[in-house]
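Number of protein chains: 2
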Amino acid sequence: MILEVRADLAPERRERMRNLIRKAGVARVEDLKSDLQVSVATVRRDLEALEEDGRIRRVHGGAVSMESRLEEVVFDDKANLALKEKRLIAEEAFKLISTGDSIYLDGGSTVLEMARLLAGRTDLTVVTNSLRAAAELSESGPRVILTGGELRRLSQTMVGPLTRAILGQVRLDKAFMGTMGLSIDDGLTTTDPNEAFTKSLVQEHARQVILLADARKAGKVSFARVSDLESIDILISDKKFPDKTARALRKRGLKVRLA
Amino acid sequence: MILEVRADLAPERRERMRNLIRKAGVARVEDLKSDLQVSVATVRRDLEALEEDGRIRRVHGGAVSMESRLEEVVFDDKANLALKEKRLIAEEAFKLISTGDSIYLDGGSTVLEMARLLAGRTDLTVVTNSLRAAAELSESGPRVILTGGELRRLSQTMVGPLTRAILGQVRLDKAFMGTMGLSIDDGLTTTDPNEAFTKSLVQEHARQVILLADARKAGKVSFARVSDLESIDILISDKKFPDKTARALRKRGLKVRLA
DNA sequence: TCAAAAACGATCAAAAACGATCAAAACCAA
DNA sequence: TTGGTTTTGATCGTTTTTGATCGTTTTTGA
Chain Z
1 MILEVRADLA
11 PERRERMRNL
21 IRKAGVARVE
31 DLKSDLQVSV
41 ATVRRDLEAL
51 EEDGRIRRVH
61 GGAVSMESRL
71 EEVVFDDKAN
81 LALKEKRLIA
91 EEAFKLISTG
101 DSIYLDGGST
111 VLEMARLLAG
121 RTDLTVVTNS
131 LRAAAELSES
141 GPRVILTGGE
151 LRRLSQTMVG
161 PLTRAILGQV
171 RLDKAFMGTM
181 GLSIDDGLTT
191 TDPNEAFTKS
201 LVQEHARQVI
211 LLADARKAGK
221 VSFARVSDLE
231 SIDILISDKK
241 FPDKTARALR
251 KRGLKVRLA
Chain V
1001 MILEVRADLA
1011 PERRERMRNL
1021 IRKAGVARVE
1031 DLKSDLQVSV
1041 ATVRRDLEAL
1051 EEDGRIRRVH
1061 GGAVSMESRL
1071 EEVVFDDKAN
1081 LALKEKRLIA
1091 EEAFKLISTG
1101 DSIYLDGGST
1111 VLEMARLLAG
1121 RTDLTVVTNS
1131 LRAAAELSES
1141 GPRVILTGGE
1151 LRRLSQTMVG
1161 PLTRAILGQV
1171 RLDKAFMGTM
1181 GLSIDDGLTT
1191 TDPNEAFTKS
1201 LVQEHARQVI
1211 LLADARKAGK
1221 VSFARVSDLE
1231 SIDILISDKK
1241 FPDKTARALR
1251 KRGLKVRLA
């Protein structure tokens, strides 16, 4: 049997490259060079293109997949956004809460920052799938209801089909969501399909959906699709959020607030 | 066979470093140097970067993790009475578990001791309403499913009618329960009615119910009734458990084991 | 309290990786 | 085939990363 060794078309080669990086989480330029049988210059150009799409993130020596577990750890907003800016987003979101509201808190560090602001609000009911948010509110404050479900260790959240059981039985006035990726073409995306399932369930269920996403999330695409952008009512981000994307979102009926 | 020793990408290496520190709580520069096969200079630079992200705090000689494990955030283990007895009871209960079992872990410190024994058992599925038990298993080990429900702050458990939603959807081979009171006349009792509700729900649902109760619980009666004694299959207690009560229980068909 | 030992930060040079540039190769439509 | 465009790989100066060195600070233990 002879393996046909034929030069790839560029898009085909990039797709292979993307898969290689996604599978390993990270990849070195040198490895990609020998795997794909091209020069380093071509590897770099392809990486540049893939980064443009938000599929990967280049680092010195290679690239990290934006569709893997590692990126969540390496590039989550905790690492990349100053605590101060994250707080601004959370405080802006906090203003939206009314007396007696029943609100949902998603996983993610920006939403977690918001949980800290709720410690004194005994008038609220907080529904959450995030153990960290629950921990934050475990001393005092609002009534806390946990969704239940399968524990996802990395994010310390409860996800998957079982979350439907309780979510179907509670009213949610406002849902404050986080996300890994926010793209005009691909909508909201996250790393884990079970997590995506739970997120979309909440968004269908809540009367008003508020997305908390720092500017770095704009244009990013992660692995599992959550929903399209239409299911969001309000986006809260920071000043660095790209104008072009903000305009496109407003055109689609979303309110966009930059804290 | 040759082990390929290839250099890590910086983000990859930092991620490994972060995990090493988080797992151990603290780490010395020298240890990290040999673990990661780099110079001390590089270790220091990486530590600097991780500190910048707020993931660790540098100290003279190394670094300590700022990513406290969940249980440390949520709970400080208070003075645990009769810890030794509880451990013995937990170990006795642990022996009852079979490969592949789906088990329920109730709240309470005795059952929590048991959770600690399950860290390595990836063959199991653990269903629990206890945030402390979940925290104990949040690093690794069995598949963890949380029941959801309203957070009861004092016991850090999820209780009330909402727990029915998920409990109705899972199979429980063995339920390991705790209790506040165990009385021949009044059966099992606990402090909170919502908690009592959830306990009784589990006991109806599980194929086998195993009660973990140290001798001090014998004869005690608390506020909210959980169930009568017939719903228990096996009682595990310690040597101090009163003979008279044990005989009465055996007469009613319970197996009694004193660890 | 003081001196030795350990750890530290700053600095520098070598190595690796990078981006820009340009010519050759491949491709495509006429 | 021809002329024009796109893609590729090599070259080269620049930037980033790394490990070693050295003087300074902190810790240790007598």
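In order, the protein sequence lines correspond to chains Z and V.
Just so we're aligned: 230 in the working numbering is position 230 of the first sequence, and the numbers increase by one with no gaps anywhere.
Every number in the working numbering is 1000 more than the matching position in the second sequence, counting from 1.
Ideal Cβ positions, reconstructed from N, Cα and C, are used throughout, including at glycine.
Listed in chain order, the positions of the region 1129 to 1146 of chain V with a beta carbon within less than 9 Å of a beta carbon of chain Z are Asn1129, Leu1131, Ala1134, Ala1135, Leu1137, Ser1138, Glu1139, Ser1140, Arg1143, Val1144, Ile1145 and Leu1146. DSSP, reduced to helix, strand and coil, places Phe197/Z within a helical segment of the structure shown. Contact of Ile1166/V with chain Z by beta-carbon distance below 8 Å involves Gly148, Gly149, Leu162, Ala165 and Ile166. The closest CA to that of Leu88/Z, considering only Val256/Z, Ser237/Z and Ala246/Z, is found on Ser237/Z. By the neighbour-count definition (other C-beta atoms within 10 Å, threshold 16), Pro242/Z is an exposed residue.
Using beta-carbon distances, Glu1012/V counts as an interface residue toward chain Z, with a partner under 7 Å. Looking at the DSSP output, Lys174/Z sits in a beta bridge with Ile103/Z and Gln208/Z. DSSP places Glu48/Z inside the alpha helix (DSSP H), whose first and last residues are Val40 to Glu52.
In the three-state scheme derived from DSSP, where H, G and I count as helix and E and B as strand, Ser227/Z is classed as strand. A direct Cα-Cα distance of roughly 8 Å separates Lys220/Z from Asp53/Z. Listed by position along chain V, the residues whose Cβ is nearer than 8 Å to that of Met66/Z form an empty set, because the closest Cβ is around 12 Å away.
For Thr190/Z, there is no enclosing alpha helix (DSSP H); the enclosing beta strand (DSSP E) covers residues Gly187 to Thr190.
Annotation: Met66/Z is outside any beta strand (DSSP E) and is labelled neither H nor E by DSSP. Pro193/Z counts as exposed, since fewer than 16 other beta carbons sit within 10 angstroms of its beta carbon.
Listed in chain order, the non-local C-beta contacts of Val209/Z below 7 Å within the same chain comprise Ala175, Met177, Gln203, Ser231, Ile232 and Asp233, local neighbours out to five positions each way being set aside.
Rounded to the nearest whole angstrom, the C-alpha separation of Ser1222/V and Gly1181/V is 6 Å. At least 7 Å separates the CB of Met1017/V from every CB of chain Z.
Within chain Z, the C-beta atoms nearer than 8 Å to that of Gln1169/V come from Leu162 and Ala165, in chain order.
Per DSSP, the beta-bridge partners of Leu1235/V are Leu1211/V and Val1256/V. By the criterion of at least three beta-carbon pairs nearer than 8 Å, the region 131 to 147 of chain Z is in contact with the region 1145 to 1152 of chain V.
Counting along the chain, no beta strand (DSSP E) covers Val1029/V; the unbroken alpha helix (DSSP H) around it starts and ends at Val1029 to Leu1036.
Of the candidates Ala1206/V, Gly1187/V and Ile1103/V, the residue whose Cα lies closest to the Cα of Lys1217/V is Gly1187/V.
Counting every other CB atom within 10 Å of its CB across the protein chains shown gives Thr122/Z a total below 16, marking it as exposed. Taking Arg1028/V as the centre and dropping the five residues before and after it, the same chain places the C-beta of Gly1061 and Gly1062 closer than 7 Å to its C-beta, in chain order.
With 16 or more other Cβ atoms from the protein chains shown falling within 10 Å of its own Cβ, Asn129/Z counts as buried. Within the region 35 to 67 of chain Z, contact with chain V at the beta-carbon level (separation under 8 Å) is assigned to Val59, His60, Gly61, Gly62 and Val64. It is roughly 11 Å from the alpha-carbon of Ser1039/V to the alpha-carbon of Asp1046/V. Contact annotation, Ala1259/V with Glu1092/V: C-beta distance approximately 4 Å; criterion of less than 8 Å satisfied. The Cβ-Cβ distance between Leu112/Z and Val126/Z does not fall below 7 Å. Taking all protein chains in view, the Cβ of Arg57/Z is crowded by 16 or more other Cβ atoms within 10 Å, so the residue is classified as buried. Residue ranges of uninterrupted beta strand (DSSP E) with 3 or more members, entirely inside the region 1142 to 1166 of chain V and ordered along the chain, are 1143 to 1146, 1149 to 1152 and 1157 to 1159.
Under the Cβ distance rule, Met1177/V does not count among the residues neighbouring chain Z, no pair being separated by less than 7 Å. Among the CB atoms of chain V, none fall inside 7 Å of the CB of Met180/Z. At least 7 Å separates the CB of Met1114/V from every CB of chain Z. Looking at the backbone, the Cα of Val43/Z and that of His205/Z are separated by about 45 Å. Taking Gly1120/V as the centre and dropping the five residues before and after it, the same chain places the C-beta of Gly1141 closer than 7 Å to its C-beta, in chain order.
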